[in-house]
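Accompanying notes for the structure given below.
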Amino acid sequence: ARGRSDTQNADRNSTLKDGKGNVIVSVRVRPDVGAKDSKQELEWEVNNKQSLIAYKGREGGDYYYDNVFDTQDNNARVYDGAAKRLVRRVMEGYHGTVFAYGMTGTGKTFSMQGTATNPGVIPLAITDIFSYIRETPHREFLLRVSYLEIYNEKIHDLLAGPIVGMNGQPAAQEEIKLREDSKRGVHATPLNEEIVQSPTQLLRVIARGDNARRVAGTQFNARSSRSHAVVQIVVESRERGASGSLKDSKRSAIAPGGVRVSTLSLIDLAGSEKAAENKERRTEGSHINKSLLTLGTVIGRLSSDKDKAASDKDKASKEKHLPYRDSKLTRLLQPALSGNSLVSILCTIQIGASGSIAAANSHTGETLNTLKFASRAKNNIVSHAKKAEESVGAAGDPGSRALLDRYRIEIQ
Ligand code: ADP
Ligand code: MG
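This is the structure we're talking about:
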């Protein structure tokens, strides 16, 4: 096992260097709380913390990933392995997406949000974003954040107040549509985007979004397992003027290279389990399955004949035919999945189940589905990240995505 793992790491390091290794697929195993000796119930076992997990049973074979996080690994370790490098690349001008995939209860939200003592990917990314800004005094930055939820194929703005009223009915909110234009690409509108200047402020905005979801009260768990939560942080930056001061920087003093606009998307996906049988649930579930199913299809097809589509042009034309438009999720994630972005997929699973063989077995199929999804993603996404840089002129255009010229807010 060790030999195989070393080879994998060597491969990964070399692809990172030449810029092709833009997809990281990780599996995180949730601790089985309460289980004393659940060895016999395990269907999978983490053999090696870097790269491999073994499936013991019907379908046989081992599954290999970039990271396999064991039950002892905390969120900081998960972040370091699955997201840190991607966040840094976003600061350098690439689009990046981290998403958590797995059945309900396996630790998606735990991994993304974490707790006060064990902060997750989102707060750790925020810390790194501001560290990067401090360490990069020769560039000026503008950050803004949005937070939306996709539920039943409808988009809700979590920064626009509660999304569910006290009566359990949806709160009145302007319908949010996905639009596409050449300057901004695919984007949700109307959607609040808040400009933020400090980690505290950014965390506070996201907490507000979390609260808007939580207002659903007793329905929260059901809803959160069926909805996709999407935090997007837009990072703009450019070289400072010669004086190094933002106030003094005139258009003419702007260094060549223009404004970089990149987006970090942090996505807590709906539970990947199948919808329950009753009718209401099936309606909700069918939407979610549609989004997750389409995500799977897109990932599968992106690459099914990747060897044949050798040139960038071939790839671009193939991407045109992928069913991004079949679901809100894939449409919104289109830039992230069309090879112009860095992607990290964190698949959460639980192996064994608190001393209950029956419970463990009932999860087996779903866990296998998650592992297969992860494998497919690993083999199939061929990403060629490009810097998302606009010309200096474009930044001043009213329709432009870049806001740096219109807002003068210096991040300390
Ligand atoms: P999901 O979002 O996938 O439905 P949660 O993140 O809500 O699952 O996790 C379900 C429960 O398990 C929560 O109480 C969470 O605190 C706990 N949990 C999940 N993963 C871990 C972990 N790695 N370590 C400790 N507790 C965890
Ligand atoms: Mg959750």
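FYI, in UniProt numbering the residues of the sequence shown are 218 to 629. We put the CB at the ideal spot given by N, CA and C, even for glycine.
Counted as a single uninterrupted DSSP element, the stretch harbouring residue 423 is not any beta strand (DSSP E) but the alpha helix (DSSP H) occupying residues 416–431. The DSSP-derived three-state label of residue 317 is strand. If you compare the alpha carbons of 294, 420, 367 and 298 with that of residue 339, the shortest gap goes to 420. The ligand MG never approaches residue 288 closely enough for any of its heavy atoms to be under 7 angstroms from the residue's Cβ. Around the CB of residue 291, fewer than 16 other CB atoms lie within 10 Å, so the residue is classed as exposed. Shown in chain order are the residues whose CB sits closer than 7 angstroms to a heavy atom of the ligand MG: 321, 325, 326, 441, 442 and 485. Beta-bridge pairing by DSSP links residue 445 to 367. With a threshold of 16 other beta carbon atoms within 10 Å, residue 330 meets it and is buried. The beta carbon of residue 248 sits closer than 7 angstroms to at least one heavy atom of the ligand ADP. Proximity to residue 346 across 335, 361 and 332 peaks at 361, based on C-alpha coordinates.
Within the same chain, Cβ atoms closer than 7 angstroms to the Cβ of residue 363 are found at 376, 408, 409, 410 and 449, the five residues on either side in sequence being excluded. Shown here, residue 331 sits in a strand according to DSSP, grouped into three states. The ligand ADP never approaches residue 584 closely enough for any of its heavy atoms to be under 7 angstroms from the residue's Cβ. Of all alpha-carbon atoms in 484, 333 and 543, the one lying nearest the alpha-carbon of residue 293 is that of 333. Taking every protein chain shown into account, the CB of residue 355 has fewer than 16 other CB atoms within 10 angstroms, so this residue is exposed. Contact check for residue 446 and residue 398: beta-carbon distance about 25 angstroms, past the 8 angstroms limit, so the pair fails to qualify.
The beta carbon of residue 480 is closer than 6 angstroms to those of 312, 449 and 451 in its chain, skipping five residues each way along the sequence. Short of 7 angstroms from the beta carbon of residue 402, and not among the five residues preceding or following it, lie these beta carbons of its own chain, in chain order: 552. Residues 292 of the same chain have their beta carbon placed closer than 7 angstroms to that of residue 336, with the five preceding and five following residues left out of the count. In terms of Cα proximity to residue 379, the closest of 249, 352, 431 and 590 is 431. If you draw a straight line from the Cα of residue 538 to the Cα of residue 554, it is about 13 angstroms long. By the C-beta density criterion, residue 374 is buried, having at least 16 other C-beta atoms within 10 angstroms. At a threshold of 7 angstroms, residue 323 counts as near the ligand ADP, since its beta carbon sits closer than that to one of the ligand's heavy atoms.
Distance check between residue 560 and each of 245, 307, 287 and 249 places 307 closest, using alpha-carbon atoms only. Beta-bridge annotation (DSSP): residue 301 is not paired with any residue.
Between residue 242 and residue 566, the alpha-carbon positions lie close to 13 angstroms from each other. Proximity of the beta carbon of residue 587 to the ligand ADP is not indicated: no heavy atom of the ligand is located closer than 7 angstroms. In this structure, the beta-carbon distance from residue 344 to residue 489 does not fall below 8 angstroms. Of the residues 366, 287 and 301, the one whose Cα lies closest to the Cα of residue 405 is 366.
For residue 343, the uninterrupted alpha helix (DSSP H) run begins and ends at 338–351, by DSSP.
The C-beta separation of residue 247 from residue 324 comes to about 5 angstroms, placing the pair in contact by the 8 angstroms criterion.
Assignment of residue 396 by DSSP, reduced to helix, strand and coil, places it in the strand class. Per the coordinates, the alpha-carbon of residue 414 lies some 11 angstroms from the alpha-carbon of residue 350. Taking the C-beta atoms as reference points, residue 477 is found nearer than 8 angstroms to residue 454. Sequence-distant partners of residue 390 (beyond 5 residues in either direction) whose C-beta falls short of 7 angstroms from its own C-beta, in its chain, are 373, 374, 377 and 380.
Counting only the Cα atoms, residue 342 lies some 16 angstroms from residue 358.
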